[in-house]
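J.: At the far end of the sequence shown sits residue 573, using UniProt numbering, and the numbering has no gaps. Where a beta carbon is used, it is the ideal one built from N, C-alpha and C, also for glycine.
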Amino acid sequence: MSQLKVRCGQFSSPGVKPENQDAVGFHLPANPVLLENKGLGCALADGISSSEKAREASQAAVTGFLADYFSTPDSWSVKQSGAKVLTAINVWLCGQSQNFAHESRGLATTFSGFVIKSTTAHLFHVGDSRIYLFRGQDLEQLTTDHRITLEQGKQYLGRALGIDYTLEIDYRSVDLEAGDLLVLMTDGVYEFISDASLKNHLKQLQDPNSSAQALCELALNQGSQDNVSCQILCVDSLPKPQADEVYARLTSLPFPPDLEEGMILDGYRIVREIHASSTSQLYLAVDEDSGQRVVLKTPSVNFEDDPAYLERFQLEEWVGRRIESPYVVKTIEQKRPRRFLYYVMEYLPGKTLEQHLDDQGYLSLNEVRQLLPQLIAGLRAFHRLDMLHQDIKPGNILLTEEGGLRIIDFGSTKIAGIADIATPIQRKTLLGTKFFTAPEYLLGEPGSPQSDQFSLGALVYQMLTGQLPYGEQIAKVNSRRDLNRLSYTSVQNYQPDIPHWVDKAIRKTQQLNPQQRYEKLSEFEADMRKPNPVFLREQHVPLLERDPLRFWKGLALIMLFINLALLVILLQD
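1) Count the other C-beta atoms from every protein chain shown that fall within 10 angstroms of the C-beta of Pro439, then say buried if there are 16 or more, exposed otherwise.
2) What three-state label does DSSP hand Ala121 in the structure shown?
3) For Lys393, which residues in the same chain have their Cβ closer than 6 Å to its Cβ, ignoring the five residues on either side in sequence?
4) Below 8 Å CB to CB, which residues in the same chain sit around Tyr342 once its five sequence neighbours on both sides are set aside?
5) For Asp356, write down the residues that DSSP places opposite it in a beta bridge.
6) So Ile421 packs on Ser77, CB below 8 Å; how close in whole Å?
7) Going by other Cβ atoms of all chains shown within 10 Å of its Cβ, with 16 needed for buried, is Leu167 buried or exposed?
8) Provide the residue span of the alpha helix (DSSP H) that contains Pro449, from first to last.
9) May I ask you to report which of helix, strand or coil DSSP gives His275?
10) On the criterion of 16 or more Cβ atoms from any shown chain inside 10 Å, does Thr400 qualify as buried, or is it exposed?
11) Looking only at C-alpha atoms, which of Leu161, Leu398 and Arg147 sits nearest to Gln155?
12) Report the CB separation of Cys216 from Ser229 in whole angstroms; it is logged as a contact under 8 Å.
13) Say whether the stretch 335-355 touches the stretch 374-382, bearing in mind that this needs 3 or more beta-carbon pairs closer than 8 Å, one atom from each stretch.
14) Roughly how far, in whole angstroms, is the beta-carbon of Met387 from the beta-carbon of Ser81, given that I think they are within contact range, below 8 Å?
15) How is the alpha helix (DSSP H) around residue 575 delimited, first residue to last?
16) To which residues of the same chain is Ser280 closer than 8 Å at the C-beta, ignoring the five residues directly before and after it?
17) Under 8 Å, do Tyr171 and Val91 count as touching if we go by C-beta distance?
18) Find the nearest neighbour of Tyr327 within the set Asp175, Phe303 and Glu402, judged by alpha-carbon distance.
19) How far does the alpha helix (DSSP H) with Ala61 in it reach, from first residue to last?
20) Report the residue from Leu536, Ser97, Thr72 and Leu161 whose alpha carbon sits nearest the alpha carbon of Ser112.
21) For a quick check, are the C-beta atoms of Val286 and Val368 less than 8 Å apart?
22) In angstroms, rounded to a whole number, what distance separates the CA positions of Pro254 and Asn227?
23) Using C-beta distances below 6 Å, list every residue in its chain close to Lys5, excluding the 5 sequence neighbours before and after it, in chain order.
Next comes the structure, spelled out in structure tokens:
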């Protein structure tokens with residue numbers, strides 16, 4: 001398998017100034033796992049010269065970004081990781097600036113940098129430094145100069161780190177090719193070198209360090225009065241995993257045999273089968289060393305030749321090892337060598353919510369209110385790690401004998417950090433149960449935390465009514481036209497005693513447009529406990545204002561009946 005190989009050269013000089021207020025940095029992890037999961041980083045910053053602390057600001061931005069980015073969870077996407085780190089750096093710079101009485105002593109700087117993960121460059125940009133892409137014979141500026149032009153053509157920096165607590169970061173992703181050159185420059189360089197001159201120089205590049213220095217010296221010779229900094233990164237090769245290589249890695253452990261009571265698998269004695277489906281088996285087992293009761297999950301032989309299934313199964317354990325929540329089932333780390341493909345979870349006596357609803361039919365509003373905070377806390381544990389569960393349904397909620405719950409089954413979980421890595425595997429996007437799946441998935445669109453919110457709202461609806469908010473029609477949606485035909489049925493149709501404002505809260509989670517759902521799950525939880533004033537006002541709004549389409553349809557139907565009645569009367573006369 002080809003690997004990510006790059007050469008990076010950089011040069012930074014004060015030029016004609018007494019102090020260098022620029023900063024440059026590059027980090028290539030030596031650990032191959034970290035390189036695969038997080039990539040490599042390159043950053044450049046130009047401290048604002050009007051600030052006495054410009055040098056400290058630029059150095060803090062570059063060193064902070066390259067240190068903190070690689071400390072973010074590997075489940076986070078590059079976009080989220082970079083944005084979170086830069087936002088934190090910006091807050092720190094703004095906070096330091098408040099310690100000075102005069103604004104000229106503040107800490108402010110531009111920032112331009114990128115992360116290369118797998119075959120993609122992820123760009124982060126604030127200010128007027130630049131990032132270029134040179135490919136073949138073409139030069140493209142990938143960033144926009146954040147400058148404000150005033151009267152008489154005078155320009156000012158419009159955006160930078162450390163200026164304001166509210167930070168707008170330009171983000172862009174670029175698919176890379178072997179042979180690409182990524183070039184970063186401060187304004188002290190690019191303002192004195194034409195694009196034609198830069199292209200000619202890059203065409204002859206051999207050593208990126210020498211070339212970066214040569215470009216800076218050229219800018220100084222052309223009259224630059226500023227600090228000069230340049231970085232050049234050469235992409236020599238990119239990781240391009242082949243299908244057979246990936247399949248060999250996924251099948252390095254064989255499937256376990258059919259397990260029966262009394263059998264021992266890698267030190268686990270099988271007690272009984274808990275559950276079996278077409279996709280997996282669950283067994284109650286005892287750890288022979290510790291005596292601990294555990295659950296073993298084994299893959300189904302139906303998918304022995306399916307690389308997408310094998311990847312998802314192995315990622316279930318990956319997810320479970322990273323989530324720490326009392327409301328999500330725990331995956332147990334195995335200390336003994338494994339001879340087969342399976343993973344181990346904690347054992348919790350209880351039954352699924354699906355089994356409970358089959359026995360009881362539905363739950364009271366108070367019972368739902370007791371479960372909802374636990375469900376939300378469990379989902380937040382996924383969302384904090386930039387994961388989406390994508391299959392919230394009664395069968396994936398375990399009710400424990402102690403009265404708590406656990407979210408189980410990570411087979412449909414989307415991990416943003418893994419999605420950033422190129423693979424020959426054809427990953428499925430629609431994995432959850434259709435009755436609880438957010439409509440955007442049914443249309444082939446990407447999910448978001450609001451997609452899990454839709455599933456949670458449908459789950460709450462079923463707990464209260466034993467029914468589904470859109471009936472079984474939602475499972476038949478294949479187009480936006482099908483989607484527009486769906487009609488939400490009020491909870492009060494099945495449970496008239498449920499308050500109107502509770503139905504409104506659930507209905508908001510069931511909006512077909514994800515942007516119309518709650519921004520935060522905590523808002524849904526609050527509206528399920530106390531009346532939202534907006535919902536109370538809507539209860540008394542005339543139908544014409546509340547739902548004009550429904551009003552006019554109803555009026556047209558009434559007029560039709562009146563006209564038919566008049567026609568009958570006229571015919572009788």
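T.: Taking the definition as stated:
1) Walking along the sequence shown from the start, residue 439 turns up at place 439. With 16 or more other Cβ atoms within 10 Å, it is buried.
2) Taking the first residue of the sequence shown as position 1, residue 121 is located at position 121. In the three-state reduction of the DSSP assignment, Ala121 falls in the strand class.
3) Along the sequence shown, one-based indexing puts residue 393 at 393. For Lys393, same chain residues with a beta-carbon under 6 Å away, outside a window of 5 residues either side, are Thr433 and Phe436 in chain order.
4) The sequence position of residue 342 within the sequence shown is 342, counting from 1. Scanning its chain for C-beta atoms nearer than 8 Å, with the 5 sequence neighbours on each side dropped, one finds around Tyr342 the residues Pro256, Leu265, Leu296, Lys297, Thr298 and Pro299, in chain order.
5) In the sequence shown, counting from the first residue as 1, residue 356 sits at position 356. A small fix is needed here, since residue 356 is His in this sequence, not Asp. Bridge partners of His356: none, in fact.
6) Position 421 of the sequence shown, counted from the first residue, corresponds to residue 421. Position 77 of the sequence shown, counted from the first residue, corresponds to residue 77. About 11 Å separates the CB atoms of Ile421 and Ser77; that is not less than 8 Å, and the two are not in contact.
7) Walking along the sequence shown from the start, residue 167 turns up at place 167. So Leu167 counts as buried.
8) Here the question's residue 449 lines up with position 449 in the sequence shown. From DSSP, the alpha helix (DSSP H) with Pro449 extends over Pro449 to Thr465.
9) Taking the first residue of the sequence shown as position 1, residue 275 is located at position 275. DSSP places His275 in strand when its eight states are reduced to three.
10) Residue 400 sits at position 400 when you count from the first residue of the sequence shown. Exposed, because fewer than 16 other Cβ atoms sit within 10 Å of the Cβ of Thr400.
11) Here residue 155 refers to the residue found at position 155 of the sequence shown. Answer by Cα proximity: Arg147.
12) Position 216 of the sequence shown, counted from the start, is the residue given in the question as residue 216. Position 229 of the sequence shown, counted from the start, is the residue given in the question as residue 229. Yes, they are in contact, since the Cβ atoms of Cys216 and Ser229 sit about 7 Å apart, within 8 Å.
13) Fewer than three beta-carbon pairs drawn from the stretch 335-355 and the stretch 374-382 are found closer than 8 Å, and the two stretches are therefore not classed as touching.
14) Here residue 387 refers to the residue found at position 387 when the sequence shown is read from its first residue. Here residue 81 refers to the residue found at position 81 when the sequence shown is read from its first residue. Cβ atoms of Met387 and Ser81 stay farther apart than 8 Å, at about 14 Å.
15) Because the chain is modelled from 1 through 573, residue 575 falls outside the range shown and cannot be assessed.
16) Counted from its first residue, the sequence shown places residue 280 at position 280. The beta carbon of Ser280 sits closer than 8 Å to the beta carbons of Lys297, Thr298, Pro299, Ser300, Phe313 and Gly411 from its chain, once the five residues preceding and following it are set aside; these are given in chain order.
17) Working through the sequence shown from its first residue, we reach residue 171 at position 171. Working through the sequence shown from its first residue, we reach residue 91 at position 91. No, they are not a contact pair.
18) One-based indexing of the sequence shown puts residue 327 at position 327. For the options Asp175, Phe303 and Glu402, the alpha carbon positioned closest to that of Tyr327 is the one of Glu402.
19) Here residue 61 refers to the residue found at position 61 of the sequence shown. Residues Ala54 to Asp68.
20) The residue you call residue 112 lines up with position 112 of the sequence shown. Nearest to Ser112 by C-alpha distance, out of Leu536, Ser97, Thr72 and Leu161, is Leu161.
21) Here residue 286 corresponds to residue number 286 of the sequence shown, with the count starting at 1. Here residue 368 corresponds to residue number 368 of the sequence shown, with the count starting at 1. At a Cβ-Cβ threshold of 8 Å, Val286 and Val368 do not count as neighbours.
22) Taking the first residue of the sequence shown as 1, we reach residue 254 at position 254. Taking the first residue of the sequence shown as 1, we reach residue 227 at position 227. Distance between the alpha carbons of Pro254 and Asn227 is about 60 Å.
23) Translated into positions along the sequence shown, residue 5 becomes position 5. These residues qualify, in order along the chain: Asp236 and Ser237.
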